[in-house]
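Student: Position one of the sequence shown corresponds to residue 235 (the working numbering), numbered consecutively onward. No residue lacks a Cβ here, since even glycine has one placed at the ideal position from N, Cα and C. Only a predicted model underlies this, so the values are computations on that prediction, with no experimental measurement involved.
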Amino acid sequence: MSLRDIFCSSRPYDRRKCTSNSCNICSRLEEGSDCSTMCPIYEFTCNLCSKQYVGESSRSLNERLSEHPRFATNPTTGSYKEEAMAVHYSKEHLGISPDLSFRLLGTESNTVLRKVYEALFIYSQGPELNDKEDYTPPKLVLATV
């Protein structure tokens, strides 16, 4: 927790905690993080073909990470059709149960910085499931900040 987080919040230590004994997200995270962690930058891997996706969210890990498997499970649902995991599973694994793993790459509460970090991960790792429009090359972003 940074000084900014402490001084810009009237209740900096009132952090939500996961209360589930069998949370499948918390069990995969490093010590000190749980599924209520806000503002994550994360990576999903399709274990069927090893292709990856990098994303970010202002919401909690639990909220965001529960969406990707749902998109992969129901790739032809109208509102999911353009989601990266839905596109991937409808093209390459239609009818197969999703097998996804994730990794927390970091957290950042500042929206602009979080998006820059996401773009840097996408630019440096080149995950196959990210659309080319998912990022702006970091040099252009940094030049305009």
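Have a look at S358, L263, F278, D365 and flag the residue whose alpha-carbon is nearest the alpha-carbon of E316.
Tutor: Residue numbering aside, residue 316 sits at position 82 when the sequence shown is read from its first letter. Among S358, L263, F278, D365, the Cα nearest to that of E316 belongs to D365.
Student: In terms of residue numbering, what span does the beta strand (DSSP E) encompassing I356 cover?
Tutor: Locating residue 356 in the sequence shown gives position 122, where the first residue counts as 1. Not the beta strand (DSSP E): I356 falls in the alpha helix (DSSP H), residues 345-359.
Student: Can you pull the DSSP bridge partners for A335?
Tutor: As a working note, residue 335 is residue 101 in the sequence shown. Per the sequence shown, residue 335 should be read as Ser rather than Ala. S335 pairs with T279.
Student: Less than 9 Å between the C-beta atoms of L338 and S254, yes or no?
Tutor: Here the question's residue 338 lines up with position 104 in the sequence shown. Here the question's residue 254 lines up with position 20 in the sequence shown. The answer is no: Cβ separation not under 9 Å.
Student: Going by alpha carbons, who is nearest to M272 out of L299, F278, Q286?
Tutor: Numbered from its first residue, the sequence shown carries residue 272 at position 38. From the listed residues L299, F278, Q286, the smallest Cα separation to M272 is found for L299.
Student: Compute the Euclidean distance between the alpha carbons of Q286 and T311, then round it to the nearest angstrom.
Tutor: Within the sequence shown, the letter at position 52 stands for residue 286. Within the sequence shown, the letter at position 77 stands for residue 311. Q286 and T311: Cα-Cα distance of roughly 22 Å.
Student: If I follow the unbroken beta strand (DSSP E) through E290, where does it start and stop?
Tutor: Locating residue 290 in the sequence shown gives position 56, counting from the first residue. Unbroken beta strand (DSSP E) run through E290: 286-290.
Student: Could you check whether E342 and E264 sit closer than 9 Å to each other, using their CB atoms as the reference points?
Tutor: As a working note, residue 264 is residue 30 in the sequence shown. As a working note, residue 342 is residue 108 in the sequence shown. Result no, Cβ atoms of E264 and E342 do not sit closer than 9 Å.
Student: What are the partner residues of G266, as DSSP defines its beta bridges?
Tutor: Your numbering for residue 266 matches position 32 in the sequence shown. Paired residues: none, contrary to the question.
Student: Which residues does DSSP pair with M272 in a beta bridge?
Tutor: Against the sequence shown, residue 272 aligns to sequence position 38. Paired residues: S294.
Student: Buried or exposed: where does R348 fall if 16 or more other Cβ atoms within 10 Å of its Cβ makes it buried?
Tutor: Taking the first residue of the sequence shown as position 1, residue 348 is located at position 114. Buried: at least 16 other Cβ atoms inside 10 Å.
Student: Look at the Cβ atom of C280, then the Cβ atom of L334, and state whether they are nearer than 9 Å.
Tutor: Here the question's residue 280 lines up with position 46 in the sequence shown. Here the question's residue 334 lines up with position 100 in the sequence shown. Cβ atoms of C280 and L334: closer than 9 Å.
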